[in-house]
Amino acid sequence: MSKEKELAKNTFIIGIGKLCTQFITFLLLPLYTSLLRPDEFGIVDLLNTYVMLLVPLFNWQFENGMFRFLIDCRDDEKRKRTVYSTVILANIFQIILYLCFYVLFQSFISTDYKMFLAIDVALNILLNTMLQFPRGNGDNFTYALGSFLSAATTLSLNVIFIVGMHLGAWGIFYGTMLSKMVTIIFLFFKTKSWKYISLQECSYACFKQIFKYSIPLVPNSVSWWVVGASDRTVISTFLGVAENGIYSVANKFSSLFLTLYNIFHLSWTESVAVHINDDDSEEYINEIINESLLFFSAIGSGIMVLLPFVLPFLGNEYRNAYYQIPILILAVYFQIIVGLYSVIYTALKKTKEIMKTSVYAAIINVTLDLVLVNYIKIYAASISTLVAFQCMAFYRYFHVKRYINVRIKVMSLLFILLLGVLSGISYYTNTMEMRISTAIAVIVISFIKNKKVIKDVLLMLARVIKLIK
Numbered sequence: 087m088s089k090e091k092e093l094a095k096n097t098f099i100i101g102i103g104k105l106c107t108q109f110i111t112f113l114l115l116p117l118y119t120s121l122l123r124p125d126e127f128g129i130v131d132l133l134n135t136y137v138m139l140l141v142p143l144f145n146w147q148f149e150n151g152m153f154r155f156l157i158d159c160r161d162d163e164k165r166k167r168t169v170y171s172t173v174i175l176a177n178i179f180q181i182i183l184y185l186c187f188y189v190l191f192q193s194f195i196s197t198d199y200k201m202f203l204a205i206d207v208a209l210n211i212l213l214n215t216m217l218q219f220p221r222g223n224g225d226n227f228t229y230a231l232g233s234f235l236s237a238a239t240t241l242s243l244n245v246i247f248i249v250g251m252h253l254g255a256w257g258i259f260y261g262t263m264l265s266k267m268v269t270i271i272f273l274f275f276k277t278k279s280w281k282y283i284s285l286q287e288c289s290y291a292c293f294k295q296i297f298k299y300s301i302p303l304v305p306n307s308v309s310w311w312v313v314g315a316s317d318r319t320v321i322s323t324f325l326g327v328a329e330n331g332i333y334s335v336a337n338k339f340s341s342l343f344l345t346l347y348n349i350f351h352l353s354w355t356e357s358v359a360v361h362i363n364d365d366d367s368e369e370y371i372n373e374i375i376n377e378s379l380l381f382f383s384a385i386g387s388g389i390m391v392l393l394p395f396v397l398p399f400l401g402n403e404y405r406n407a408y409y410q411i412p413i414l415i416l417a418v419y420f421q422i423i424v425g426l427y428s429v430i431y432t433a434l435k436k437t438k439e440i441m442k443t444s445v446y447a448a449i450i451n452v453t454l455d456l457v458l459v460n461y462i463k464i465y466a467a468s469i470s471t472l473v474a475f476q477c478m479a480f481y482r483y484f485h486v487k488r489y490i491n492v493r494i495k496v497m498s499l500l501f502i503l504l505l506g507v508l509s510g511i512s513y514y515t516n517t518m519e520m521r522i523s524t525a526i527a528v529i530v531i532s533f534i535k536n537k538k539v540i541k542d543v544l545l546m547l548a549r550v551i552k553l554i555k
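Here you go:
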């Protein structure tokens with residue numbers, strides 16, 4: 087199987103597991119906004135944001151280290167047991183360490199929902215490892231199945247607790263924690279994890295290798311968190327939790343865009359790590375990066391031209407999110423560019439380079455947030471995020487040339503610019519005829535320019551349907 091077909095196959099498998107529930111969650115957003123007040127939506131978003139900070143701080147990104155080292159020993163059962171057993175033992179220590187930390191500092195947390203922070207962080211440490219184990223072994227189907235189960239049970243339980251039992255914010259917290267417990271149990275039995283867990287197989291040398299690889303990813307992860315969460319913290323502090331609820335709704339649309347890329351990013355990371363030493367690796371990486379830039383510019387523009395037809399279904403309390411969305415979608419596009427380059431560092435195990443650029447972006451984001459919030463209010467958050475990712479993308483583009491000579495085609499840039507202009511016109515015009523005509527133009531141009539990618543996806547879908555039959 088060629089590298090391109092292997093990449094398409096893995097992306098397709100992972101996509102099936104994630105896309106279904108992501109789209110359902112997205113379509114249910116009007117339900118959540120109608121049943122939760124902006125302050126409730128804001129506190130849910132804020133606590134989830136802090137969970138995203140605490141998890142990498144206490145699990146040291148060991149699941150990513152495990153994934154990378156498992157790629158190198160897929161045919162060595164003994165080595166796999168050593169890697170997995172070492173990481174599981176480390177996870178147990180990390181959870182105990184975190185719970186001690188929580189007991190010491192929980193008195194300083196004023197919210198009634200603080201128990202969520204205690205349980206959800208511990209569950210995430212285990213869940214992340216359980217998800218990355220099959221992926222490291224090349225079993226993307228089980229990874230996708232676990233992701234699907236986690237999202238589907240979260241969604242189902244949220245509907246039961248919020249709509250059926252009227253539990254409000256508590257309903258989301260209960261649903262989130264229970265779904266993770268179910269997924270952990272499922273993955274433990276599906277992967278037959280007990281066969282790979284042995285105290286005798288634990289290795290201090292293995293621990294040091296994984297630690298050396300993973301620990302630079304902690305400040306990297308924290309920096310990503312700062313870029314995303316500093317916006318919410320600044321908004322909540324200076325403008326109030328209700329404004330954060332509005333900003334959170336605006337983020338849901340750009341998050342949908344990012345989710346579509348993240349599905350590809352998972353298989354892209356694996357593909358580059360496996361083939362980085364091939365003779366044609368530079369040609370392959372350049373081809374995929376250029377195709378990806380075109381494809382995701384089309385996706386982002388497509389979301390933009392469709393949003394004016396969707397947003398009227400949101401409650402009036404959330405209508406102020408309208409003008410934040412284009413800025414955040416553009417910010418995510420630059421984040422995608424950053425992600426396309428980052429896999430090269432991952433494949434070469436140069437995680438320190440990932441850390442440095444992420445830290446610089448976080449500093450830029452926080453500084454702009456604090457400087458601008460008193461002048462342009464909620465716009466400070468979206469604009470600072472955009473500038474941070476722009477700076478990060480430009481820096482990585484030039485820096486990554488030390489290892490791989492990435493070349494962006496001029497025609498690709500012109501096409502991206504054309505789609506950006508058309509989608510901007512469609513989004514900001516008040517004329518329905520103009521919105522419809524520009525939307526059609528964006529869809530037609532995107533289809534023509536990405537026909538190779540679309541053809542590959544359709545062929546893969548046809549193969550899957552044939553196998554099912």
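Residue 275 in the working numbering sits at position 189 of the sequence shown, with consecutive numbering throughout. All C-beta atoms, glycine included, are put in the ideal place defined by N, C-alpha and C. Owing to the predicted nature of the structure, the values given are computational and were not obtained by experimental measurement.
Self-check item: Cβ shell of Gly331 (< 6 Å), same chain only, five flanking positions each side left out
Solution: Your numbering for residue 331 matches position 245 in the sequence shown. So the list reads Pro124, Phe127, Gly128, once near-sequence residues are dropped.
Practice problem: Grab me the residues of Tyr299's own chain with a C-beta within less than 7 Å of its C-beta, minus the 5 sequence neighbours each way, in chain order. | Solution: Here residue 299 is taken as the residue at index 213 of the sequence shown, counted from 1. Sequence-distant Cβ neighbours of Tyr299 in its own chain, meaning closer than 7 Å and more than five residues away, are Gly151, Arg154, Lys435, Thr437.
Quiz item: Between Phe297 and Cys159, what straight-line distance do the alpha-carbon atoms span, to the nearest angstrom?
Solution: Position 211 of the sequence shown holds residue 297. Position 73 of the sequence shown holds residue 159. Roughly 17 Å between the two C-alpha positions.
Quiz item: Under the criterion of a Cβ to heavy atom distance below 6 Å, does Glu92 qualify as lining the ligand NAD?
Solution: The ligand NAD is not part of this structure, which contains no ligands at all.
Exercise. Tell me whether the beta-carbon of Val528 lies closer than 7 Å to the beta-carbon of Ser387.
Key: Counted from its first residue, the sequence shown places residue 528 at position 442. Counted from its first residue, the sequence shown places residue 387 at position 301. With respect to the 7 Å criterion, Val528 and Ser387 are classified as neighbours on the basis of their beta carbons.
Quiz item: Below 8 Å, can you find three or more Cβ-Cβ pairs linking the stretch 259 to 277 to the stretch 202 to 222?
Solution: With a cut-off of 8 Å, the stretch 202 to 222 and the stretch 259 to 277 count as touching, because enough Cβ pairs lie within range.
Quiz item: With DSSP run on the structure shown, which of helix, strand or coil describes Gly232?
Solution: If you number the sequence shown from 1, residue 232 lands on position 146. Of the three classes helix, strand and coil, the one that applies to Gly232 here is helix, per DSSP.
Quiz item: Under a Cβ-count criterion, where at least 16 other Cβ atoms within 10 Å of its own Cβ denotes burial, should Cys186 be classed as buried or exposed?
Solution: Along the sequence shown, read from residue 1 onward, the residue named residue 186 stands at position 100. Counting every other CB atom within 10 Å of its CB across the protein chains shown gives Cys186 a total below 16, marking it as exposed.
Practice problem: Compare the beta carbon distance of Leu231 and Ser265 with 7 Å and say whether it is the shorter of the two. | Solution: Within the sequence shown, numbered from 1, the residue matching residue 231 stands at position 145. Within the sequence shown, numbered from 1, the residue matching residue 265 stands at position 179. No.
Practice problem: For the stretch 130 to 150 and the stretch 299 to 311, state whether three or more C-beta atom pairs, one from each stretch, are separated by less than 8 Å. | Solution: Output reads yes: the stretch 299 to 311 touches the stretch 130 to 150.
Quiz prompt | Buried or exposed by the 16-neighbour rule on C-beta atoms within 10 Å, applied to Lys555 | solution = In the sequence shown, the residue the question calls residue 555 occupies position 469. Only weak support is given to the placement of Lys555: the predicted model assigns it a pLDDT of 48, under 50, and the value that follows is read from those uncertain coordinates. It is exposed - the Cβ of Lys555 has fewer than 16 other Cβ atoms within 10 Å.
Quiz item: When you compare only the Cα positions, how much space is there between Cys292 and Ile449?
Solution: Mapped onto the sequence shown, residue 292 falls at position 206. Mapped onto the sequence shown, residue 449 falls at position 363. Rounded to whole angstroms, Cys292 to Ile449 spans 33 Å at the Cα level.
Quiz prompt | Whether Ile375 touches Leu426 by CB criterion (7 Å) | solution = Residue numbering aside, residue 375 sits at position 289 when the sequence shown is read from its first letter. Residue numbering aside, residue 426 sits at position 340 when the sequence shown is read from its first letter. Cβ distance < 7 Å, so Ile375 and Leu426 count as in contact.
Exercise. Just confirm the distance between the C-beta atoms of Asn451 and Ser470, as a whole number of angstroms; I'd bet it's less than 8 Å.
Key: Locating residue 451 in the sequence shown gives position 365, counting from the first residue. Locating residue 470 in the sequence shown gives position 384, counting from the first residue. The Cβ separation is near 5 Å, so the contact holds.
Exercise. Could you pull out every unbroken alpha helix (DSSP H) segment of at least 4 residues lying fully inside the stretch 208 to 269, listed in chain order?
Key: Unbroken alpha helix (DSSP H) stretches of 4 residues or longer found wholly inside the stretch 208 to 269: 226 to 244, given in chain order.
Quiz prompt | Ser284 in three-state terms, based on DSSP | solution = Start at 1 with the first residue of the sequence shown, and residue 284 comes out as number 198. Ser284 falls in the coil class under three-state DSSP.
Exercise. Give every residue of the same chain whose Cβ lies closer than 6 Å to the Cβ of Val287, excluding the five residues on either side of it in the sequence, and list them in chain order.
Key: Taking the sequence shown and counting its residues from 1, one reaches residue 287 at position 201. Reading off the sequence shown, one finds Glu at residue 287, where the question assumed Val. Arg167, Thr168, Ser171, listed in sequence order.
Quiz item: Three or more C-beta pairs closer than 8 Å, one from the stretch 415 to 422 and one from the stretch 337 to 352: is that the case here?
Solution: Yes, the stretch 415 to 422 is in contact with the stretch 337 to 352.
Quiz item: With a CB to CB cut of under 6 Å and the five nearest residues on each side skipped, what residues in its chain are close to Gly261?
Solution: As a first step, residue 261 is located in the sequence shown; it is residue number 175 there, counting from the start. Excluding residues within five positions, the ones whose Cβ falls inside 6 Å are Thr240, Leu243, Asn244, Phe247.
Self-check item: Closest by C-alpha distance to Val496, when choosing among Leu380, Leu175, Tyr184
Solution: Sequence index remark: in the sequence shown, residue 496 carries index 410 (1-based). Restricting attention to Leu380, Leu175, Tyr184, the CA atom closest to the CA of Val496 is found in Leu380.
Practice problem: Would you mind listing the alpha helix (DSSP H) stretches within the stretch 399 to 487 that are 4+ residues and don't spill past its ends, in chain order? | Solution: Along the length of the stretch 399 to 487, whole alpha helix (DSSP H) runs at least 4 residues long occupy 411 to 433, 437 to 462, 465 to 485, reported in chain order.
Quiz item: From Ser444, Ser383, Val492, Thr515, pick the residue whose C-alpha is nearest to that of Leu500; which is it?
Solution: The residue given as residue 500 occupies position 414 in the sequence shown. Proximity to Leu500 across Ser444, Ser383, Val492, Thr515 peaks at Ser383, based on C-alpha coordinates.
Self-check item: Under the three-state DSSP convention, the category Pro305 falls into
Solution: Here residue 305 refers to the residue found at position 219 when the sequence shown is read from its first residue. Note: Pro305 maps to helix in three-state DSSP.
Quiz item: Between Phe475 and the rest of its own chain, which residues show a CB-CB distance below 6 Å, the 5 nearest in sequence each way excluded?
Solution: Residue 475 sits at position 389 when you count from the first residue of the sequence shown. Once the five neighbours on either side are set aside, the close Cβ partners of Phe475 are Ala417, Phe420, Gln421.
Practice problem: Please look up how many angstroms separate the CB atoms of Phe339 and Leu253, rounded, as I've assumed it's under 8 Å. | Solution: For the purposes of this step, residue 339 is identified with residue 253 of the sequence shown, where counting begins at 1. For the purposes of this step, residue 253 is identified with residue 167 of the sequence shown, where counting begins at 1. Contact doesn't hold; Cβ gap of about 26 Å is too wide.
Quiz item: Roughly how far, in whole angstroms, is the beta-carbon of Val313 from the beta-carbon of Ala447, given that I think they are within contact range, below 8 Å?
Solution: Indexing the sequence shown from 1 puts residue 313 at position 227. Indexing the sequence shown from 1 puts residue 447 at position 361. Between Ala447 and Val313 the Cβ distance is about 6 Å, and since that is below 8 Å, they are a contact.
Exercise. Report all residues from its chain with a CB closer than 7 Å to the CB of Val360; omit the five preceding and five following residues, and keep chain order.
Key: Against the sequence shown, residue 360 aligns to sequence position 274. Hits under 7 Å: Ile157.
Quiz item: Below 7 Å between beta carbons: does that hold for Val445 and Ser309?
Solution: Position 359 of the sequence shown, counted from the start, is the residue given in the question as residue 445. Position 223 of the sequence shown, counted from the start, is the residue given in the question as residue 309. Yes; because the gap between Cβ atoms is below 7 Å, this pair is in contact.
Quiz item: For Lys555, which of helix, strand or coil comes out of DSSP?
Solution: For the purposes of this step, residue 555 is taken as the residue at position 469 of the sequence shown. Confidence at Lys555 is low in this model, with a pLDDT of 48, below 50, so its placement is unreliable and no value can be given for it.
Practice problem: Ignoring anything shorter than 4 residues or poking outside the stretch 290 to 357, list the alpha helix (DSSP H) runs there in chain order. | Solution: Complete alpha helix (DSSP H) runs here, min 4: 290 to 300, 303 to 324.
Exercise. Just confirm the distance between the C-beta atoms of Tyr184 and Phe144, as a whole number of angstroms; I'd bet it's less than 8 Å.
Key: By 1-based counting over the sequence shown, the position of residue 184 is 98. By 1-based counting over the sequence shown, the position of residue 144 is 58. With a Cβ gap of about 4 Å, Tyr184 and Phe144 count as contacting.
Quiz prompt | Whole-angstrom C-beta distance between Ile385 and Leu346, which should lie under 8 Å | solution = Locating residue 346 in the sequence shown gives position 260, where the first residue counts as 1. Locating residue 385 in the sequence shown gives position 299, where the first residue counts as 1. With 8 Å as the limit, Leu346 and Ile385 qualify as a contact, their Cβ atoms being about 6 Å apart.
Practice problem: Name the two residues that bound the continuous alpha helix (DSSP H) containing Thr362. | Solution: Numbered from 1 along the sequence shown, position 276 holds the residue referred to as residue 362. Before going on, a small fix: residue 362 reads as Ile here, not Thr. Here Ile362 belongs to no alpha helix (DSSP H), and DSSP marks it neither H nor E.
Quiz prompt | Inter-residue spacing [alpha-carbon to alpha-carbon] between Glu92 and Val492 | solution = Position 6 of the sequence shown, counted from the first residue, corresponds to residue 92. Position 406 of the sequence shown, counted from the first residue, corresponds to residue 492. Between Glu92 and Val492, the C-alpha separation is close to 21 Å.
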